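Chains as they are written, first to last, in numbering that gives the first Met the number 0: chain A, 0 to 440; chain B, 0 to 127; chain C, 0 to 486. We treat Cβ as the ideally placed atom computed from N, Cα and C, and that holds for glycine. From a predicted model like this one, the values you see are computed outputs, not experimental measurements. For reference, the structure discussed in these notes is given below.
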Amino acid sequence: MGFAYFPHTDEDIAAMLGRSGLSSMDSLFSDVPEDVLFKGGFNIPDAMSELEVRRKFEELASANVRLKVFAGGGAYDHYSPAVAKEVVSRPEYLTSYTPYQAEVSQGTLRYIFEFQTMMSELTGLGCSNASMYDGPVSAAEALLMTVACTRKKSRVLVSATLLPQVLDVVRTYMKFHGVGLTVIPESDGTTDAAAMEKELASGDVAGVLVPGINRYGIIEDLDGFADSVHSVKALLAVYSDPSALAVIKSPGEWGADIACGDAQTLGIPLNFGGPYLGFLCCRKEYVRKLPGRIAGETVDADGRRCYVLTLQAREQHIRREKATSNICSNQSLMALYATVYLSLMGPEGLRQVNRLSYGGAHYLHDRLLETGLFSEFCSKPFLKEFVLRSSIPPEKLHTALAEHGYFAGLPCGADTVSFCVTENRTREEADGLVSVIKKLV
Amino acid sequence: MSRILEGLLYSESHEWVKTDGGIATVGITDFAQKSMGNIVYVDMPEEDDEVSQDEEFGAVESVKAASDLYSPVSGVVVGRNSALDDEPGLLNSDPYANWIIKVRMTDPSETGNLMDAAAYTAFLEKQA
Amino acid sequence: MKYYDKLIFELSRKGRKGWSLPENTWENTPEELPDTLKRCQDPRLPEVSEPDVVRHYVNLSNMNFGVDTGFYPLGSCTMKYNPKINEETSSHPGFTSLHPLQPASTVQGALRIYRELSGFLCSLTGMSAFTLNPFAGAHGELTGLMVMRQYHISRGDTRRTKVIVPDSAHGTNPASAAVCGLEVVEVKSTSQGVIDIEDLKPLLDDTVAGIMMTNPNTLGLFETEIHGIASAVHAAGGLLYYDGANMNALLGKVRPGDMGFDIMHLNLHKTFSTPHGGGGPGAGPVGVTAELAHLLPAPAVTAAPDGCCEVTGSPDSLGRISGFMGNFGVLVRAYTYILMLGKENIRKVGPYSVLAANYVKESLKDVYRLPVQSLCKHEFVFDGLADSGTGVTTLDIAKRLLDYGFHAPTIYFPLLFHQSIMIEPTETESKETLDAFIDAMRKIAAEAESDPELLKSAPHSTPVRRPDETLAATHPVLGYRFGEGTE
Chain A
0 MGFAYFPHTD
10 EDIAAMLGRS
20 GLSSMDSLFS
30 DVPEDVLFKG
40 GFNIPDAMSE
50 LEVRRKFEEL
60 ASANVRLKVF
70 AGGGAYDHYS
80 PAVAKEVVSR
90 PEYLTSYTPY
100 QAEVSQGTLR
110 YIFEFQTMMS
120 ELTGLGCSNA
130 SMYDGPVSAA
140 EALLMTVACT
150 RKKSRVLVSA
160 TLLPQVLDVV
170 RTYMKFHGVG
180 LTVIPESDGT
190 TDAAAMEKEL
200 ASGDVAGVLV
210 PGINRYGIIE
220 DLDGFADSVH
230 SVKALLAVYS
240 DPSALAVIKS
250 PGEWGADIAC
260 GDAQTLGIPL
270 NFGGPYLGFL
280 CCRKEYVRKL
290 PGRIAGETVD
300 ADGRRCYVLT
310 LQAREQHIRR
320 EKATSNICSN
330 QSLMALYATV
340 YLSLMGPEGL
350 RQVNRLSYGG
360 AHYLHDRLLE
370 TGLFSEFCSK
380 PFLKEFVLRS
390 SIPPEKLHTA
400 LAEHGYFAGL
410 PCGADTVSFC
420 VTENRTREEA
430 DGLVSVIKKL
440 V
Chain B
0 MSRILEGLLY
10 SESHEWVKTD
20 GGIATVGITD
30 FAQKSMGNIV
40 YVDMPEEDDE
50 VSQDEEFGAV
60 ESVKAASDLY
70 SPVSGVVVGR
80 NSALDDEPGL
90 LNSDPYANWI
100 IKVRMTDPSE
110 TGNLMDAAAY
120 TAFLEKQA
Chain C
0 MKYYDKLIFE
10 LSRKGRKGWS
20 LPENTWENTP
30 EELPDTLKRC
40 QDPRLPEVSE
50 PDVVRHYVNL
60 SNMNFGVDTG
70 FYPLGSCTMK
80 YNPKINEETS
90 SHPGFTSLHP
100 LQPASTVQGA
110 LRIYRELSGF
120 LCSLTGMSAF
130 TLNPFAGAHG
140 ELTGLMVMRQ
150 YHISRGDTRR
160 TKVIVPDSAH
170 GTNPASAAVC
180 GLEVVEVKST
190 SQGVIDIEDL
200 KPLLDDTVAG
210 IMMTNPNTLG
220 LFETEIHGIA
230 SAVHAAGGLL
240 YYDGANMNAL
250 LGKVRPGDMG
260 FDIMHLNLHK
270 TFSTPHGGGG
280 PGAGPVGVTA
290 ELAHLLPAPA
300 VTAAPDGCCE
310 VTGSPDSLGR
320 ISGFMGNFGV
330 LVRAYTYILM
340 LGKENIRKVG
350 PYSVLAANYV
360 KESLKDVYRL
370 PVQSLCKHEF
380 VFDGLADSGT
390 GVTTLDIAKR
400 LLDYGFHAPT
410 IYFPLLFHQS
420 IMIEPTETES
430 KETLDAFIDA
440 MRKIAAEAES
450 DPELLKSAPH
460 STPVRRPDET
470 LAATHPVLGY
480 RFGEGTE
C-alpha cells in the first residue's frame, strides 16, 4: 500500500533504480556500514488517517483548559484580525524558502521591506532587520551587537526590571560568549539610574539593556539614560512592546541606539509560547553590525523597482566564525502577520488597542484595590499590565483563579501578583474576575 | 595581470604602504580589489584608534564576500578616507590612488618586514 | 507571476481605516499619562481599507514561488511537501488560545504533545532526551554546542575551547561555535569530499571540545569512516555533534545515536515537513545521550509521579535559551506528520529521498560535471556544466531554470567547488516531476552551447530580472522613503 505523500509506483521505483544502476532499494545504502543500519522498530504509533488524527487532536485539546486571559508576563492576548490569519496561510508565502532567488521571491522581499519600515517607524530608529526568533533572544542579540559595535569592551549591564525570561536568556548567551554581565538593581519598581551610572564609570561597559515597559507593567522614565550611556561610549538598548509604542515614547525618542523585544503583541495568537516574533532595530550607523536578514531596495536589469536580501557580507554564510551572530533565518511568516496587522490597524487602530487595554487595566486595578484584598505595589504609571501586593498567597490565588477559568494573578514576587487587560477583555469579564476573587476568601 | 606600483611597500595580505616621514598611508592592492569584485563597503577605524602590525583594522565587503584588512604597520590612525563611505567602488577603479587610512607609526622599522614591488610581484607569481 | 509594484504605504490615504474594534467606554485613557512618557511623533503606519490590504498581499503573494507552486530542488533545504492537515491541527483553537504560563494542570494536552514528540524524535534518532525549545537549526546548533561546553565545564575540564568543523560545513556551524565562545579549527575534506581521518587525528588534543559533522555531508556523501572518527574523537575526550540539516537522507534507515553522535539537532522544517514560511518560523530540537540529558536547557516537560506532565528544569541545566518552550505551533505540525506517517511509512522517507537524488544525478551527469562519482544520499553537487568552455556560469543556469518554472537549486555552496549546483529533490516528488526537471536541465545544457546569451540574460519570464545587488549593498535603502527629504 502506498502513502498519500509518496507518489512512487512500483514501476517508477524500478525505472529509477534502473537508471541509477542499482538493483534494490537496499543498495541505495550500500555505502553505510552494515552495523549502523537501523533494523529495530520505532517507538511511534501506526499510521493514522486524517480522521483519526483529527480525533486524536480533539482528545488532546480536551485535556487543555481555555482560560480567560488576565495576565501577560511576556505573552499578551491581543485581538487577531481575520485578514492576518488568512494572508499568512496563503501557500505562496507559507511554503516558500528564504528569498535567495529574488526573481521569484518578490512577495516575501516586499513584505519584509514593509515590516522593516513599520518597525523603524514604531521604534523611531532608522533600521530594522527582517525579524528574530523571539523577544528574549533578540535581547541577547542586541547585547552581542553592542559588544561588536564598541569593539574591545567586555561587559554589559541589564536592568533587574526586565522580564525574568529575558534576563535568563541574556545570562545564558553572555555566559557562553564570554561577556561579563551585571544586573542593575531596581528602585521603587524601576531601573535604578544611579546604580547604572556607578557601573558605567568603570569604562568597560559595551551596552546597557533596559525595558521600556518593565516586568511590573510600569512605563520606565528613561530620561537621561542615553546621555549617561553615550558618555562612556557604550550603547543603549531598550526592550520594547511595539504595540505600546503607538502611545508611549519610542526608543528613538529616548535617544536609544537599539530596540529589541517581542512583536507578538501585534495580534499574534498566544499559541502556547510560539511562534512569536523577535525584532531588532538600530540607528543607521550600526546597521553593518545588525544581525539577521535585511531586505533592501534596488532596481532590476530593466530598471524596475525591486527588492533583495542585502548587506549579506555581515552574515554567517560569508563571515562564518567572524559573523556577529549565527542566525540565518527569521520568523518571516510572523513578520508577515505583523505587517498585515499593522496595515489594517494603522496609527489610529493601534491607538485604539492601547485605549481599550489601558482603560480596562485601570478599571480592573481600581476594582481589585476596592476589594481590600490587594494594595498598591508602586504608584508609577502603567499601560495594560500592573502588579499589586496580594493578601492571598500568590501561588494560591493564581491556582484558585485557574480553577475558576481565569489566567490571572500571575505570581511576580513573594507577595505580589500581576494582571493584564487587553482589548479582548470586556467589563463583564473584569467584573466576573473581581467577584470570583471576592468569593475566594 | 595585477598592477603593482614601484616605490610602495606590500604585505602578504595584499595591503600597500607609502611612508612619508612618520606617516604611513595604507590601501589595498590591485590584486586584492580584483579578487573581491565590486566593493560595496569599507569598514574603517576612527581617527585616534590604535592599529598594530599584522592585526585587523577593518574589512572590505563585496556583495558575496568579506575580507579583513590587516595593518602593515603599528601606530595611531590619523586619517581615514571618508570618500570611501559614499563611494567604496573607488577601490575598484583605482586602488592605489584611493588610500584607506593614514597611520602615525610608532615603530617605522617595522616596514622592514614588508615587501618591495619586485618581491611582491614574485610573491603573487608564487601564489598563482 | 505578474509584476506588481505597490508598497502598502503607497495605498495609504488619510482617514481610511482597515480596523474593527469596539468603541472605547472605559473612563481612563492613555491621554492621562505624563507627557514625558508619551510619544511625540506619530508612527507613519499606513491607513488602508480592509479590501485594499487583502488585495495588496494577495498581489504580492503572486510574485512568490513555494513548494505548492512547483518543484523546489534547493539543496540542503529539504523542500518537501507541507501537508495541509498540519496546518489544521496547529491552528486548533484548543491550542492557539493557550498562554505559555498557564498552570500545567490546564495545558496537559499541549504538554503531552511536547512529551510524545520528544519521545518520537528519540526513537527516530537513537538519542535519549530532546529539548524542543530551540527555534531554528542555527539556534539548535548553538544550544547543542552549549551542551558540549557545559559538559566539559561541569567536569572541571575548562581547557576544551576548540571545536573542529569540516571545511565543507554549513556556514552556521562556525558562526554558532563563535557565538558559543568556541574557537573553530577547520579540517579539510579529501578530494572525495569526506573527512580524512588521518588529517583529523593530529588535531585531537585536550583542548578540543568536540567535532561538528553533517552526515551525509554537504556534498550528499555518507561519511563512511564515521566509526573511526567517532572512536578517535571520543578517545581524545571530545564529543560528536550531529548537524541534522541532512537528516532526511537517513530518516527511518540510520540513526545518529547509532553512529556514535552525542548531541544533535533536527530541522523540523526540513525533515519533518513543517513549512519554511519564507524563512521561518522553524524549529531546531536538540537531542543528547543519557549522560548529557541533565544539561539541556530549561524549561523542560517531565512526567509527574501521577502520570501528568509538568514543566520543570534540571538544576544542572545550561540555562534558558528561549522565552518559553519553542515554536509550539511548529512542533504540533511535526507531531502531526509523524502520526500521519506512522512507524512503517517513516522508514521510507530516507530511501525515497535517496532514490530521487540518485535518479536525477545519473540522468544529468553526462552534461553537468559531477566531481565525485559515487552513490549519493538525498542530494548531490555538480560543479557547473560538463563543457566549461561556454562561459555559462552556475548563476546563469539557476536563473534560466526559473524560466522553465522550477525553483533554482542551491548555488555556489559548498565552497569546495567554484560552480557548485546543489540539488535535493526529496521523496514527495513524482517521477514525472523529476523527469520534467531533468528535461529542463538538459535543455539548458544544450542552450549553453547554442545560445549562451539566452542564459546570460535569463530569467526572461519572471516579474523582475537580475536585481542589482551591488547597488543595494552600496547605498542601502532599508525602508520606505516617505516623501522627499524624509529618508
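Per-residue contacts from residue i into chain B (C-beta, under 7 Å)
{"i": "Glu468/C", "result": "Val62"}
Contact list for residue i against chain C, beta-carbon separation under 7 Å
{"i": "Lys288/A", "result": "Result: empty, since nearest Cβ-Cβ is about 13 Å, beyond 7 Å."}
{"i": "Cys305/A", "result": "Val463, Pro466"}
{"i": "Asn213/A", "result": "Per Cβ cutoff of 7 Å: no residues; Asn213/A is ~13 Å from chain C at best."}
Under 9 Å from the C-beta of residue i: neighbouring residues of chain A
{"i": "Phe381/C", "result": "Under the 9 Å cutoff, chain A gives no residues; its nearest Cβ is about 16 Å from Phe381/C."}
{"i": "His417/C", "result": "Residues of chain A passing the Cβ test: none, with the nearest at roughly 16 Å."}
{"i": "Asp42/B", "result": "Arg287"}
Beta-carbon neighbours of residue i, restricted to chain C and to distances below 8 Å
{"i": "Asn329/A", "result": "Gly278, Gly279"}
{"i": "Tyr240/A", "result": "Note that residue 240/A is Asp in the sequence shown, not Tyr. Neighbours of Asp240/A on chain C: none; closest Cβ ~13 Å, over 8 Å."}
{"i": "Ser61/A", "result": "Gly93, Gly108"}
6 Å Cβ shell around residue i - same chain, five flanking residues per side excluded
{"i": "Asn326/C", "result": "Phe134, Pro280, Ala282"}
{"i": "Ser390/A", "result": "Leu372"}
{"i": "Leu110/C", "result": "Val300, Cys308"}
{"i": "Lys232/A", "result": "none"}
{"i": "Glu49/C", "result": "Gly17"}
{"i": "Glu5/B", "result": "Ala116"}
{"i": "Arg109/A", "result": "Tyr306"}
{"i": "Tyr2/C", "result": "Pro462"}
{"i": "Gln149/C", "result": "Leu294, Leu317"}
Environment of residue i [buried if 16+ CB atoms lie within 10 Å]
{"i": "Arg154/C", "result": "exposed"}
{"i": "Ser108/B", "result": "exposed"}
{"i": "Thr309/A", "result": "buried"}
{"i": "Asp261/C", "result": "buried"}
{"i": "Lys13/C", "result": "exposed"}
{"i": "Glu140/A", "result": "buried"}
{"i": "Met0/B", "result": "exposed"}
{"i": "Val207/A", "result": "buried"}
{"i": "Glu486/C", "result": "Confidence at Glu486/C is low in this model, with a pLDDT of 35, below 50, so its placement is unreliable and no value can be given for it."}
{"i": "Gly484/C", "result": "Summary for Gly484/C: the model assigns pLDDT 40, below 50, so the residue's position carries little reliability, and this model does not support an answer."}
{"i": "Ala444/C", "result": "buried"}
Contact with chain E by residue i, beta-carbon distance below 8 Å
{"i": "Asn80/B", "result": "Among the protein chains of the structure shown, namely A, B and C, there is no chain E."}
Close Cβ partners of residue i (< 7 Å) along its chain, the five nearest in sequence each way excluded
{"i": "Cys148/A", "result": "Leu234, Tyr285, Lys288"}
{"i": "Tyr479/C", "result": "Leu6, Phe8"}
Cross-chain neighbours of residue i in chain B, by beta carbon under 9 Å
{"i": "Thr393/C", "result": "Neighbours of Thr393/C on chain B: none; closest Cβ ~12 Å, over 9 Å."}
{"i": "Ile257/A", "result": "Neighbours of Ile257/A on chain B: none; closest Cβ ~19 Å, over 9 Å."}
Residues of its chain near residue i, where Cβ-Cβ distance is below 8 Å and the 5 sequence neighbours each way are ignored
{"i": "Leu220/C", "result": "Gln191, Gly192, Val193, Val371, Ser373, Cys375, Lys376"}
{"i": "Leu267/C", "result": "Thr273, Gly281, Ala282, Gly283, Pro284, Val329, Leu330, Arg332, Ala333"}
Residue i: contacting residues in chain A (beta-carbon distance under 7 Å)
{"i": "Ala162/B", "result": "Outside the displayed range of chain B (0 to 127) lies residue 162/B, so it cannot be described from this structure."}
{"i": "Asp115/B", "result": "In chain order: nothing, as chain A lies at least about 31 Å away."}
9 Å Cβ cut-off: residues of chain C touching residue i
{"i": "Gly88/B", "result": "Thr469, Thr473"}
Is there contact between the stretch 226 to 240 of chain A and the stretch 52 to 67 of chain C, where contact requires at least three CB pairs shorter than 8 Å?
no
Quick one: which unbroken alpha helix (DSSP H) runs of 4-plus residues sit fully inside the stretch 277 to 350 of chain A? Chain order, please.
315 to 318
Could you pull out every unbroken alpha helix (DSSP H) segment of at least 4 residues lying fully inside the stretch 159 to 221 of chain C, listed in chain order?
171 to 178, 196 to 199
Which parts of the stretch 172 to 242 of chain A are runs of the beta strand (DSSP E), unbroken and 3 residues or longer, counting only runs that do not cross its ends?
179 to 183, 204 to 210, 234 to 239
Any chance you could list the alpha helix (DSSP H) runs of at least 4 consecutive residues sitting entirely within the stretch 108 to 160 of chain C, in chain order?
136 to 153
Using a Cβ distance threshold of 8 Å, determine whether the stretch 147 to 163 of chain A contacts the stretch 198 to 215 of chain A, with at least three qualifying pairs required.
yes
Evaluate contact between the stretch 358 to 367 of chain A and the stretch 24 to 34 of chain C, counting only Cβ atoms and requiring at least three cross-stretch pairs below 8 Å.
yes
For the stretch 122 to 130 of chain C and the stretch 84 to 98 of chain A, state whether three or more C-beta atom pairs, one from each stretch, are separated by less than 8 Å.
no
Does the stretch 167 to 183 of chain C come within contact of the stretch 230 to 245 of chain C, defined as at least 3 CB pairs closer than 8 Å?
yes
Please list the segments of the beta strand (DSSP E) lying wholly inside the stretch 11 to 89 of chain A, counting only runs of 3 or more residues, in order along the chain.
67 to 69
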